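**Q**
Residue numbers (our numbering): 164 to 245.
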C-alpha cells in the first residue's frame with residue numbers, strides 16, 4: 164500500500180524497494196554475510212549454534228540470526244483518513 168516510507172530515520176519518503184536495494188548493497192561489504200531469499204520452516208539451537216531449515220529443505224548453520232519480516236498496511240475505515 165505505502166508508496167514510500169514514513170518515520171524511518173534517514174529514509175523518510177523513499178520507496179520501499181529503494182531502501183531494500185540500498186541495504187543489500189551495503190551488506191556486500193561484509194564477506195561473511197550471505198543473503199538467503201527463502202522461507203524458514205524451522206529454527207533450532209542457541210547462541211553460537213543455530214540451525215535453520217528452509218522451505219526447499221536446505222539446512223543453514225549460523226552463530227547469529229537476524230529475523231526479518233514484512234508488514235501489511237491496514238487502513239481503518241474512517242472517513243477522511245488517508
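For glycine and all other residues, C-beta sits at the position ideal for the given N, C-alpha and C.
Keep in mind the model is a prediction, meaning the values are calculated, not measured.
1) Among 209, 215, 203, 222, whose alpha-carbon lies nearest the alpha-carbon of residue 232?
2) Mapping the DSSP letters down to three states, classify residue 201 as helix, strand or coil.
3) What are the boundary residues of the alpha helix (DSSP H) that includes residue 181?
4) Between residue 215 and the rest of its own chain, which residues show a CB-CB distance below 6 Å, the 5 nearest in sequence each way excluded?
5) Cβ of residue 228 within 8 Å of Cβ of residue 213?
6) Please report the straight-line C-alpha distance between residue 220 and residue 199, rounded to a whole angstrom.
7) Distance, Cα to Cα, residue 184 vs residue 236?
**A** If we stick to the structure as given:
1) Nearest in C-alpha terms to residue 232, of all of 209, 215, 203, 222, is 203.
2) When secondary structure is reduced to three states using DSSP, residue 201 falls in the coil class, being assigned neither helix nor strand.
3) In this chain, the alpha helix (DSSP H) harbouring residue 181 covers 179 to 190.
4) Answer for residue 215: 203, 206, 223, listed in chain order.
5) The Cβ-Cβ distance between residue 228 and residue 213 falls below 8 Å.
6) If you draw a straight line from the Cα of residue 220 to the Cα of residue 199, it is about 13 Å long.
7) Taking the CA atoms as reference points, residue 184 sits about 21 Å from residue 236.
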